[in-house]
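For the record, the sequence lines run as chains Z and W.
Sequential numbering of the first sequence, starting at -14, is according to the numbering used here.
Sequential numbering of the second sequence, starting at -14, is according to the numbering used here.
Yeah, the Cβ is synthetic: ideal placement off N, Cα and C, and Gly gets one too.
Nothing here was measured: the structure is a model prediction, and the numbers come from that model.
There are 2 protein chains.
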Amino acid sequence: MARAATTADAFNAVAEPRRRQILDVLVGGERPVNDLVRALGVPQPQVSKHLRVLREVGAVEVREEGRRRVYRLNGDALKPIHDWVKPYERAWSERFEQLDDVLEELKEKEDGNGSDE
Amino acid sequence: MARAATTADAFNAVAEPRRRQILDVLVGGERPVNDLVRALGVPQPQVSKHLRVLREVGAVEVREEGRRRVYRLNGDALKPIHDWVKPYERAWSERFEQLDDVLEELKEKEDGNGSDE
DNA sequence: TTGACATATTCCTATATGGGTATATGATGT
DNA sequence: ACATCATATACCCATATAGGAATATGTCAA
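This is how it looks when you write it as structure tokens:
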């Protein structure tokens, strides 16, 4: 089997740097395709193709406005990524390390006295 | 050009569900390969291959212990993902939406009086 | 209608993939 | 030395890709 499709889920969709870049631009508000083309400095067909992928995973939505299509962010689609990576935060967060120290201390104290409950 | 290598960065590495699963197991503490094989219910060669990818992006580290290799998590490698996705949190967070309401209110108040500075 | 503009789609190609299966490497105990 | 356990690697294959280039689709303005 090959790799999962880029459109399989948000994880696969945002694995591509250009697509993250597009989303980063759209955080600043909705934009027509041409704005994105200029912002990324990438040929228009590629931008359209990336937008298709983002659309398919629900990360962006389109609105037709005359001859242009205005894309807007739909951050909800990224929630699974956030939720998944969140627990790993403790690995690099000072605050969590300090919390770990406190918990360690409590545990030692508990181990000290045999009284239970 | 083809898709970026799975070993290109953490984003590409964790796009594969099995690899996220492996990391999720390792959050609970270091484990030899065989434990992972049983935990995932996947043939051993596949687990070893996924571990290779995770090693190459720095998401796990190995320790040799007799004839087994004990893998442990290195959450730091996932920080870029967390950092990237964090700003999108406001899209689904109630708390941020409420903050947005407050800011909106402040903005309207400011628009009301023409006094500047 | 015609031409310019905005966007999407199609066709091409090299490439890396994940799964399956078999085998290599290396350590352990007897 | 040997069989066994633990892990990694090699090989094969179908598949989806990202980029490039060309073109289709659709809208506006004169």
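Straight-line spacing of the CA atoms in Arg16 (chain Z) and Pro72 (chain Z) works out to 33 Å. Of Z:Arg80, Z:Gly26, Z:Ala76 and Z:Asp61, the smallest CA-CA separation from Ala(-5) (chain Z) is found for Z:Asp61. With a threshold of 8 Å between beta carbons, Arg37 (chain W) makes no contact with chain Z. The three-state reading of DSSP puts Val27 (chain W) in coil, since its state is none of H, G, I, E or B. CA-CA distance, Trp77 (chain W) to Gln31 (chain W), rounds to 36 Å.
Inclusion of Thr(-8) (chain W) and Glu50 (chain W) in the CB contact set at 8 Å is not warranted, their separation being larger than that value. Using beta-carbon distances, Pro30 (chain Z) does not count as an interface residue toward chain W, since no partner is under 8 Å. Not flagged as an interface residue toward chain Z: Gly14 (chain W), since no C-beta distance is shorter than 8 Å.
The criterion of a C-beta distance shorter than 8 Å is not satisfied by Leu21 (chain W) and Ala44 (chain W). Remark: C-beta atoms of Ala(-2) (chain Z) and Leu39 (chain Z) approach each other more closely than 8 Å. In the three-state DSSP reduction, Glu41 (chain W) falls in the helix class (H, G or I). In the three-state reduction of the DSSP assignment, Glu1 (chain W) falls in the coil class, being assigned neither a helical nor a strand state.
Between the alpha carbons of Leu11 (chain Z) and Val47 (chain Z) lies a distance of about 12 Å. Using beta-carbon distances, Leu63 (chain Z) counts as an interface residue toward chain W, with a partner under 8 Å. Chain-order list of chain W residues neighbouring Tyr56 (chain Z): empty, with the shortest C-beta distance near 15 Å, by a criterion of under 7 Å. Under the criterion of beta carbons closer than 8 Å, Ala(-13) (chain Z) and Ala0 (chain W) do not qualify as touching, at roughly 13 Å. If you look at Val70 (chain W), you'll find it in the alpha helix (DSSP H) that goes Lys64 to Val70.
Arg(-12) (chain W) carries a coil assignment under DSSP once its states are collapsed to helix, strand and coil. By the criterion of a C-beta distance shorter than 7 Å, Glu74 (chain Z) is surrounded in its chain by Phe81, once the five residues flanking it on both sides are discounted. A distance below 7 Å between beta-carbons, with the five flanking residues on each side excluded, links Ala24 (chain Z) to the following residues of its chain, in chain order: Val10. The residues Ala(-5), Phe(-4) and Val(-1), in chain order, have a CB closer than 8 Å to that of Ile66 (chain Z) in the same chain once the five nearest residues on each side in sequence are set aside. Arg75 (chain W) sits in a helix when the DSSP states are folded into three classes. Straight across, the Cα-Cα distance linking Lys64 (chain Z) with Val70 (chain Z) is about 10 Å.
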